[in-house]
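Working notes for the structure below.
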Amino acid sequence: MLLAVARALRPVARGLRQQVRPRASVAETESRFITGHPDCNVTPYIANLVGRDLHKKSDHPLGIIKDRIEAYFAGLEQTYDLFDGEDPIVTTTQCFDDLNIPPEHPGRSKSDTYYINDQQVLRTHTSAHQSQHLRAGHEAFLCTGDVYRRDEIDASHFPAFHQMEGVKLFSAEALNDKTDFSDREAWLASAECDSIGKDLKATLEGLIKHVFDDPDLQTRWRDDFFPFTEPSFELDVFYQDEWLEVLGCGVIHSDVLERCDLGSRRGWAFGLGLERLAMVLFAIPDIRLFWTDDKRFHKQFEAGVVKTFKPYSKFPPVFKDIAFWCPETYEENDFNELARSVCGELVERVENIDSFTNPKTSKTSNCYRVTYRSMDRSLTNDEINALQDALRDEAAATLGVELR
Ligand code: DAH
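Numbering (the numbering used here), first residue to last: 9 to 412.
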C-alpha cells in the first residue's frame, strides 16, 4: 500500500523538497529499493537517502567522529579491520536470524523496518554485518554504515542514521580451554567470560574518553539485554550535567558464534550511534542538519576537529494539527512515514497530542501536532498550507482514516 502512496505523492512532495536540497535521481535507485514486491515499504524519500555516505566524508561531523573512533582503535595492540562500504540492503537472516532475533520480535515488523521484499531489508543496525565478517575470518573489526528505521519524528529521530559496530575475538590461548563452552551456565559464570567483559569495558571506557577528549570523563555501566550478547551492557557518560546513553555492547552470544562455525571461540561486540555522539560533541541541535547541503553548516567543520556548531539562524516553526478516526489496523509509523513522504525534511516533529477511544463505537481518534520548520530558510504560509492539505488528503486516501 505504501508504495502506491509514495508514487501518488511524488509530484507534490518532490517538487517542494527539491527546494530543500537537490536529490539523487530516484530513477536510478528505484529498481533496487522500490521493487514492486507486495512487502516493499521503501518510499522514494527513503531511497533518496541511501548512498549519501555522510560517514565517509572526513570534514562532516559524522565522518569526523568516525575517524576519531578509528584512530583510537588504531592505537591499540590488536589490529582492527575497517569496513564502511557494505551494501545497506541485507537479508533478514543477516539482520535478525544470525543475531538470535526471534521471528516475533517487534523490530522485524513492517511498521518498524523498511522491507525491500520478504527476504531483504534496509539494515536496521550495523550488527547485520557481524556474522559475515566473522565467517570471513576477521578476528577484530569495525564496521560503519547508514541504517534505517521507521520511527517517530522529532529533533533526534530521522529514518536514516549511522552506526558503528565493533567486534573482537579472543585467541584460544587467551581463554582457558578447560571451560565447557557447551554448558551455558558454566560459561556465564566462568572467569573467562568475566575477563572478556572486563576487556570490553576497559576498551570502551578508553574509547569514549578519547572521543570526548577528557581523561576524567565520568562513565557508568548498566546491565542491559540484547538477543545477540550475553551478558549485555549499556554505557552512559556524564556530560553537561546529564547522564547520556552512548552505546550498547556485550559478550557475543554463543549461538551467534556457533552459526558462524566459531563455537570454540569467544569475543565481545559493541554498537554505537554516530549522530548521538556528534549531536552532543558538536552541539548540533537537530538531526536533520546532518543531511543539509547548506554551506553555512558545512563551512563550520574541518577534518579532525571537534568544535561547537554555531546555529546560523533559527527560522520560526509553523504548527498544524490534524485529527482523525483510525481504522483498527492503524500503525502510528505509517502516519510518520506519510509525513516524511509528503513534507520531507520540512517536518521537524510529529507529536500525538490527544488520543481517545469512543466507548460506544470503540473507535480511536488521534490528533497530531505537526511542527514544520526549515533548517535553511523561512517558510511561507502558502507552502505549509499546501503541504498540510496534501498530508490530510493522503492520510484519508491511503491510511483508511476518517478526518475530523
Ligand atoms: N545493534 C544494537 C542496536 O542497534 C546495538 C548493539 C548492542 C550492537 C549490543 C552490539 C551489541 O554489537 O553488542 O541497538
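Cβ atoms here follow ideal geometry from the backbone N, Cα and C, with glycine treated the same way.
{"Check": "Where in the segment 327-369 do unbroken runs of the beta strand (DSSP E), each at least 3 residues long, occur, reported from the N-terminal end onward?", "Outcome": "355-365"}
{"Check": "DSSP three-state label for His165, please.", "Outcome": "strand"}
{"Check": "Should Gln492 be counted as a contact of ligand 1 given a C-beta to heavy atom distance under 7 Å?", "Outcome": "Residue 492 is absent from the structure shown; the chain starts at 9 and stops at 412."}
{"Check": "What alpha helix (DSSP H) runs, 4 residues minimum, are completely inside the segment 162-223?", "Outcome": "192-196, 199-219"}
{"Check": "Measure the alpha-carbon distance for Arg158 versus His218 and round it to whole angstroms.", "Outcome": "32 Å"}
{"Check": "With distances taken from CA atoms, which of Pro235, Gly312, Phe241, Asp302 is nearest Pro114?", "Outcome": "Pro235"}
{"Check": "Say the cut is 7 Å; is the CB of Ser240 nearer than that to a heavy atom of ligand 1?", "Outcome": "yes"}
{"Check": "Around the Cβ of Glu238, are there at least 16 other Cβ atoms within 10 angstroms (buried) or fewer (exposed)?", "Outcome": "buried"}
{"Check": "Mind pulling the alpha helix (DSSP H) runs of 4 or more residues that sit fully within the segment 260-338?", "Outcome": "262-267, 282-289, 303-306"}
{"Check": "Can you give me the C-alpha to C-alpha distance between Phe221 and Val313, rounded to a whole angstrom?", "Outcome": "At residue 221 the sequence reads Asp, which differs from the Phe that was named. Rounded to whole angstroms, Asp221 to Val313 spans 11 Å at the Cα level."}
{"Check": "Apart from the five residues on each side of it in sequence, which residues of its chain come closer than 6 Å, Cβ to Cβ, to Phe41?", "Outcome": "Val50, Ala55"}
{"Check": "Looking only at DSSP bridge pairs, what is Ile109 linked to?", "Outcome": "Its beta-bridge partners do not exist; DSSP assigns none."}
{"Check": "Could you check whether the segment 256-268 touches the segment 205-217, counting it as contact only if at least three pairs of C-beta atoms, one from each stretch, sit closer than 8 Å?", "Outcome": "yes"}
{"Check": "Answer yes or no: do Leu150 and Tyr80 have a C-beta to C-beta separation smaller than 8 Å?", "Outcome": "no"}
{"Check": "May I ask which residues mark the beginning and end of the beta strand (DSSP E) holding Ile124?", "Outcome": "123-125"}
{"Check": "With distances taken from CA atoms, which of Asp95, Leu142, Val358, Leu252 is nearest Val288?", "Outcome": "Leu252"}
{"Check": "By the three-class DSSP mapping on this structure, what secondary structure does Ile97 have?", "Outcome": "strand"}
{"Check": "Under 6 Å Cβ to Cβ from His45, same chain only, skipping five residues before and after it: list those, please.", "Outcome": "Asn125"}
{"Check": "Looking at C-alpha atoms only, which residue of Pro96, Cys201, Ile216 is the closest neighbour of Gly59?", "Outcome": "Pro96"}
{"Check": "How long is the line joining the alpha carbons of Pro319 and Ser386, rounded to whole angstroms?", "Outcome": "15 Å"}
{"Check": "Please state the DSSP three-state secondary structure of Tyr53.", "Outcome": "helix"}
{"Check": "If we ignore side chains and look at the alpha-carbon of each, how far apart do Pro30 and Ala144 end up?", "Outcome": "Bear in mind that a pLDDT of 40 at Pro30, under 50, signals an unreliable position, so the model cannot answer this."}
{"Check": "Would you call the segment 361-369 and the segment 382-400 in contact, with 3 or more CB pairs under 8 Å?", "Outcome": "no"}
{"Check": "Hey, how far is the Cα of Glu345 from the Cα of Gln86?", "Outcome": "43 Å"}
{"Check": "Could you pull the start and end residues of the beta strand (DSSP E) that Ser139 belongs to?", "Outcome": "No beta strand (DSSP E) contains Ser139, which is instead part of the alpha helix (DSSP H) from 138-143."}
{"Check": "Between Ala210 and ligand 1, is the CB less than 7 Å from at least one heavy atom?", "Outcome": "no"}
{"Check": "What are the start and end residues of the alpha helix (DSSP H) that includes Phe81?", "Outcome": "69-82"}
{"Check": "Would the segment 115-122 count as touching the segment 62-71 if we require 3 or more Cβ pairs under 8 Å?", "Outcome": "no"}
{"Check": "Out of curiosity, what's the CA-to-CA distance linking Glu250 and Thr227?", "Outcome": "11 Å"}
{"Check": "State yes or no: is the C-beta of Gln86 nearer than 7 Å to some heavy atom of ligand 1?", "Outcome": "no"}
{"Check": "Which residues mark the beginning and the end of the beta strand (DSSP E) in which Thr237 is found?", "Outcome": "237-247"}
{"Check": "Report the residue from Glu193, Thr134, Leu84, Gly153 whose alpha carbon sits nearest the alpha carbon of Leu212.", "Outcome": "Leu84"}
{"Check": "For a quick check, are the C-beta atoms of Ile161 and Arg357 less than 8 Å apart?", "Outcome": "yes"}
{"Check": "Since Gln140 and Thr99 should fall inside the 8 Å C-beta cutoff, what is the C-beta to C-beta distance between them, to a whole number of angstroms?", "Outcome": "Contact doesn't hold; Cβ gap of about 10 Å is too wide."}
{"Check": "Might you give, ordered along the chain, the residues of its own chain that have their beta carbon closer than 7 Å to the beta carbon of Trp229, omitting 5 neighbours on each side?", "Outcome": "Lys209, Phe241, Leu243"}
{"Check": "If you draw a straight line from the alpha carbon of Phe91 to that of His137, how long is it in whole angstroms?", "Outcome": "10 Å"}
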